[in-house]
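Taken in order, the sequence shown gives residues 52 to 450; the numbers are from our numbering.
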Amino acid sequence: MNAHTFDTTGIEHCPFMPVFGAPALNIERGRGTEVWDTDGKRYLDFLSGIAVTSLGHANPVVADAICRQASTLLHVSNFFTNPQATAAAIKVNELLQQATGHAGQLFFTNSGAESNECALKLARKWGGRGRHTVVSAFGSFHGRTLATLAATGQPAKHEPFAPMPEGFKHVAWGDLDALRASVDGSVAAVIIEAIQGEGGVNPAPDGYLQGIRDLCDEVGALMIIDEIQTGFARTGEWFGFEIDGVSPDVVTLAKAMGNGMPIGACWARKDVAAVFQPGDHGSTYSGTALATAAVSAVVDEMRRIDAPRLATQQGERLAGLLAELPQVESVRGAGLILGAQLVEGISAPDVYRSLLDAGLICNAVNATTLRFLPPITVTDDELTEATSMIAHALNGVSS
Ligand SMILES: *Cc1c(COP(=O)(O)O)cnc(C)c1O
């Protein structure tokens, strides 16, 4: 048995650490919204690797950029830079400058958790001694490293790894009064998602992000927005915070940024970024030529197809189709990050499994909510096909 015919049934010695649970599928290849497993069965991928492959699988523009770069230059040390890193940083900063109204600087990472780690270290350096606390919301998700796990507002995930790093506080999501009560002179930053993704597709209530902005200004704390799941056009805006028209000080990115190439970034307003000095932070792979070539291709292609407009248009279509289903109580989210709240008595995990059998990949983000994150390039026909599979699965599960 080799890695390519990896079969989790009947395996003698599984080489993976048991952190993920039994894999539901063994996926071999993809094209656009479609993927095929090792038995050749076709699926519509309405999860996109959790908001990663937003331009579809094996996107030809991104694949071409990666292939060309792979045979030109992969990596140099951080004693040097390379043209791909500079070009990608300029493009990402342009998007964020337009969205926030501030020129900024960024640090390239290799994952979402690392982007948040960078933001947390930046906040501590910026706050100084005695002002290092970071406040976040219950139900949030900010990563799996120790510090980002501490920022993640899910106490059950902390428990096996206690004691957690010091200096993190959690408050009820969407509750400005609770936040106000917890933010004092010891707080360096508030970190918040524009839409809680892992928490169940929970959009920020009206005025919540603006209230946080005002509070941070009052006490002199940084506002960090975690756009790792919502960034890069997913919500119908380039960044989720644009829905509420707020301007954060720090923005963290990853997931769709490389369309599957592992890369992220921590961006900060220039005067905030200026507290970092050489040696304060780093990473061997920061701004590697291969990954940043993918970022430039993603940004260029998203601009070319007007990804925010497409996400809005296809998101409205999908939300409309879902809302017509009798077992769907309501649809939450924005653009193509959607949560379908099921009526009482229908188990989202049961529907998820039935959909996998039928050939549709989505995710039961909690016991009663199905999450849909199709690629922004999803076609009308694929939306129709998926909706009919969902209707059929809901009928099967509820009868
Ligand atoms: C996925 C995610 C992260 C963590 O990203 P990794 O690449 O898995 O480390 C952090 N924040 C949010 C909002 C996410 O959705």
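Heads up, the beta-carbon is just placed ideally off N, CA and C, and yes, glycines get one too.
For clarity, every value in this text was computed on a predicted model and none was experimentally measured.
Coil, strand or helix - residue i by DSSP
i, result
"Ile294", "helix"
"Asp235", "coil"
"Gln35", "The question about residue 35 has no answer, for the chain in this structure spans 52 to 450."
"Met274", "strand"
"Asn77", "coil"
"Gln365", "helix"
"Met308", "helix"
"Ala284", "coil"
"Thr56", "For Thr56, the predicted model reports a pLDDT of 44, less than 50, meaning its position is unreliable; a value from the coordinates is still stated below. Helix at Thr56."
"Asn161", "coil"
"Gly371", "helix"
"Arg182", "coil"
"Thr151", "helix"
"Ser405", "helix"
"Val302", "strand"
"His443", "helix"
"Glu63", "coil"
"Ser450", "coil"
"Cys413", "coil"
"Ala319", "strand"
"Pro377", "coil"
"Ser187", "strand"
"Glu249", "coil"
"His221", "strand"
"Ile279", "coil"
Contact test: residue i Cβ vs ligand 1 heavy atom, cutoff 8 angstroms
i, result
"Arg195", "yes"
"Lys212", "Residue identity check: residue 212 is Phe in the sequence provided, not Lys. Checking the Cβ of Phe212 against ligand 1 gives no."
"Ala229", "no"
"His244", "It should be noted that the sequence gives Glu, not His, for residue 244. Because some heavy atom of ligand 1 lies under 8 angstroms away, the Cβ of Glu244 counts as near it: yes."
"Lys172", "no"
"Ile279", "yes"
"Lys306", "yes"
"Ser337", "no"
"Gly248", "yes"
"Ile101", "yes"
"Asn144", "no"
"Ser105", "no"
"Phe192", "yes"
"Glu165", "yes"
"Ser162", "yes"
"Gly396", "no"
"Gly315", "yes"
Cβ separation of residue i and residue j, assumed to be a contact under 8 angstroms, to the nearest whole Å
i, j, result
"Cys317", "Leu173", "7 angstroms"
"Met308", "Phe283", "6 angstroms"
"Ala415", "Pro400", "4 angstroms"
"Tyr94", "Gly330", "Not confirmed; about 47 angstroms, so no contact."
"Ser337", "Phe158", "6 angstroms"
"Gly248", "Gln280", "4 angstroms"
>> Ignoring anything shorter than 4 residues, give me the alpha helix (DSSP H) runs that lie fully in the region 68-138, in order along the chain.
In response: 99-102 and 111-121
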